[in-house]
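Heads up: the sequence shown runs through residues 0 to 281, numbered per numbering that gives the first Met the number 0.
Ideal Cβ positions, reconstructed from N, Cα and C, are used throughout, including at glycine.
Computed from a predicted structure; not experimentally measured.
Please read the structure below before turning to the comments.
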Amino acid sequence: MANAWEELENRCYEYLRRMYGDNNSIEPYGKSDSTKADIKIEPAASDEFFVEVKAGDSQCCQFVLFPNEDTKSFDFSKRNKVPLSDNCKRIIAYMDGLYKRYYKVGKKGIPVEVDSSTLYGLVQDFYSVKKVIFFMTEGTDIIIFPSSSFSDYFTIEAFYRRKTSGSADPNESNNNEEIMQGLNEEGISGTIEYKSVGGKIRCFLHSDTYIHKRKMMCEEHTYQFKDNNYSKTLSKSKKYVFEVRRLSNTSNPNVICQLSLKKTVQDKKDLQAFEDVMNKED
């Protein structure tokens, strides 16, 4: 069964395909990968661009900040997949000035009360990297607007909190890209295999490097490699085989923006801006 955000993305995609798909290439793109935009569009007579879909109540612009007890300030994680922009730096400077308020943050979260212009600027920073120039949402109907109009449609607040996710077996559709990227960044060579062992699909790494019990921290999850009874059942293509386990994340404190839809009707000039791009002539 699809999640609510998946259903909204599908409705937006079907709307675009129905209204503009005859002469333009429109395809789902990011799906569950938060580092990619949701929809890719290649107009017949202009360069490709991307569309991000946002529900009326949703989140965006997440980045990890670690408290540094030595400096009494916050460190921008090297594993963040977003740039350390001027707006990020303004948020960090604000939190540095209130270090005692934030450094023991828990799951509940603490508001980061910077000026809203900084947060709206953060949205532009994050999505320009993904080549997103339009957003879609759903109010009384489907709404399309350029990124420059984001503040007209959504209110925005920022919070600092610890992210916790449940422990689970990695699966190929949701975790494989993150695992492969993590292996590359850690300099671990090998091949990944998904196979049914012990009654369910499990993830295994074939490698010539012995990394039993080693942990690998990626953007969304932390993984651990285990030489166990399950890994011993596989035919080896390398010297060692490890089961890859996805651990629960309890130690990644991050800044995240909370969005709430405030304008529920389509502004005609915003729709016209989208149609001008779609119908641009050579």
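Between residue i and residue j, is the Cβ-Cβ spacing less than 8 angstroms?
{"i": "Ser147", "j": "Phe134", "result": "no"}
{"i": "Phe73", "j": "Ile91", "result": "yes"}
{"i": "Gln265", "j": "Asp140", "result": "yes"}
{"i": "Ser234", "j": "Asp56", "result": "no"}
{"i": "Gly105", "j": "Arg17", "result": "no"}
{"i": "Ser206", "j": "Gly189", "result": "yes"}
{"i": "Lys129", "j": "Phe49", "result": "yes"}
{"i": "Pro27", "j": "Ile38", "result": "yes"}
{"i": "Arg201", "j": "Tyr229", "result": "yes"}
Helix, strand or coil: how does DSSP classify residue i here?
{"i": "Tyr28", "result": "coil"}
{"i": "Met0", "result": "Unreliable placement is indicated for Met0, whose pLDDT of 44 sits below 50; no coordinate value is reported for it."}
{"i": "Arg161", "result": "strand"}
{"i": "Asn227", "result": "coil"}
{"i": "Val63", "result": "strand"}
{"i": "Asn79", "result": "coil"}
{"i": "Ile91", "result": "helix"}
{"i": "Glu5", "result": "helix"}
{"i": "Tyr222", "result": "strand"}
{"i": "Cys217", "result": "coil"}
Who are the Cβ neighbours of residue i in its own chain at under 7 angstroms, not counting the five residues just before and after it?
{"i": "Tyr126", "result": "Glu51, Ser146"}
{"i": "Gln123", "result": "Ser146"}
{"i": "Lys80", "result": "Thr34, Glu218"}
{"i": "Gly283", "result": "Nothing about residue 283 can be reported from this structure: the residues present for the chain run from 0 to 281 only."}
Ends of the beta strand (DSSP E) at residue i?
{"i": "Arg245", "result": "239-246"}
{"i": "Arg201", "result": "199-206"}
{"i": "Tyr193", "result": "190-196"}
Buried or exposed: residue i, going by 16 or more other Cβ atoms within 10 Å of its Cβ?
{"i": "Lys231", "result": "exposed"}
{"i": "Met179", "result": "exposed"}
{"i": "Arg100", "result": "exposed"}
{"i": "Asn9", "result": "exposed"}
From which residue to which residue does the alpha helix (DSSP H) around residue i run?
{"i": "Leu182", "result": "171-185"}
{"i": "Asp269", "result": "267-277"}
{"i": "Lys99", "result": "98-101"}
Quick one: what's got a C-beta closer than 6 angstroms to residue i's C-beta in the same chain, skipping five residues either side?
{"i": "Arg78", "result": "Glu218"}
{"i": "Asp85", "result": "none"}
Closer than 7 angstroms to a non-hydrogen atom of the ligand NAP - does that hold for the CB of residue i?
{"i": "Gly29", "result": "Absence of the ligand NAP is noted for the structure shown, with no ligands found whatsoever."}
Keeping to the same chain, check which residues put their C-beta closer than 8 angstroms to that of residue i; ignore five residues upstream and five downstream.
{"i": "Pro252", "result": "Val63, Leu64, Phe65, Pro66, Val104, Tyr159, Arg160, Arg161, Lys162"}
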